[in-house]
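Residue numbers (my numbering): 33 to 234.
C-beta: ideal position from N, C-alpha, C; glycine also.
Values in this document were obtained by computation on a predicted structure and should not be read as measured data.
Scroll down for the structure; my scribbles are underneath it.
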Ligand code: FES
């Protein structure tokens, strides 16, 4: 393993640091902790993983940035290419959803939002993203937003969903990252992280 001798700018909050320290104890070595650490970073950096986030994870886990970058770019759930909108709408375009009308769903979303798949609306509200089977084919055509599945979708349901999401100030992308971090922690570890966050605010 190699590690950069330069200390990157560190942006993890005290809560994030406490969470990572707890997670390190769950794994036999620091390399095995890269995936959950990337979820923490995706939350802390506002829903994506810019090079600074990769550098911070690498530094905190004593790995090389190249190794962490390689892991992050292997999995589609980590946003390494660009910062997504507040809400990422992931449309399943796999076989069952395709047969059940996914292409119509894509076309309608693109028309409603005025963007193509892979793009973000100019106001930073929505990103459209195509994904492989989400393992809920009985609800085809299916879309995912944060930790919610929606389907079977039609135009009226898309209208209602977009309206609701527009009024939700919290980023579904960040909320999903946080939910995954919390799932990895035991209750006493979550409490420790809460206390670390509270100590800064007081
Ligand atoms: S093909 Fe879309 S959820 Fe399986």
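- In its chain, beyond the 5 residues on either side, 71 have a beta carbon closer than 6 Å to the beta carbon of residue 212.
- Remark: C-beta atoms of residue 84 and residue 41 approach each other more closely than 8 Å.
- Contact between the segment 146-160 and the segment 82-96 is not established, with fewer than three Cβ pairs separated by less than 8 Å.
- In this structure, DSSP gives residue 124 an extended state, which the three-state scheme calls strand.
- Counting other Cβ atoms within 10 Å of its Cβ, residue 114 stays below 16 and is therefore classed as exposed.
- Annotation for residue 171: 181, 183, 184 place their beta carbon closer than 7 Å to its own, counting only its chain and skipping 5 residues before and after.
- The beta carbon of residue 161 is closer than 6 Å to those of 120, 122 in its chain, skipping five residues each way along the sequence.
- Judged by DSSP in its simplified three-state form, residue 39 adopts coil rather than helix or strand.
- For residue 102, the closest of 76, 117, 81 by C-alpha to C-alpha distance is 81.
- Nearest C-alpha to residue 89 among 165, 220, 62: 62.
- For the pair residue 193 and residue 55, the Cα-to-Cα distance works out to about 35 Å.
- Using a cutoff of 7 Å, the CB of residue 141 does not count as near ligand 1, since none of the ligand's heavy atoms is closer than that.
- Counted as a single uninterrupted DSSP element, the stretch harbouring residue 180 is not any alpha helix (DSSP H) but the beta strand (DSSP E) occupying residues 180-182.
- Taken through DSSP and simplified to helix, strand or coil, residue 105 comes out as helix.
- Between residue 74 and residue 207, the alpha-carbon positions lie close to 10 Å from each other.
- Assignment of beta-bridge partners to residue 175 by DSSP yields 123, 182.
- When distances are taken from the beta-carbon of residue 230 to the heavy atoms of ligand 1, even the shortest one reaches 7 Å or more.
- Distances taken from the Cβ of residue 136 to the heavy atoms of ligand 1 include none shorter than 7 Å.
- The residue from 132, 118, 125 with its alpha-carbon nearest to that of residue 154 is 118.
- Judged by DSSP secondary structure, residue 141 falls within the alpha helix (DSSP H) whose first and last residues are 134-145.
- Residue environment: residue 127 is assigned as exposed (fewer than 16 neighbouring CB atoms within 10 Å of its CB, all protein chains considered).
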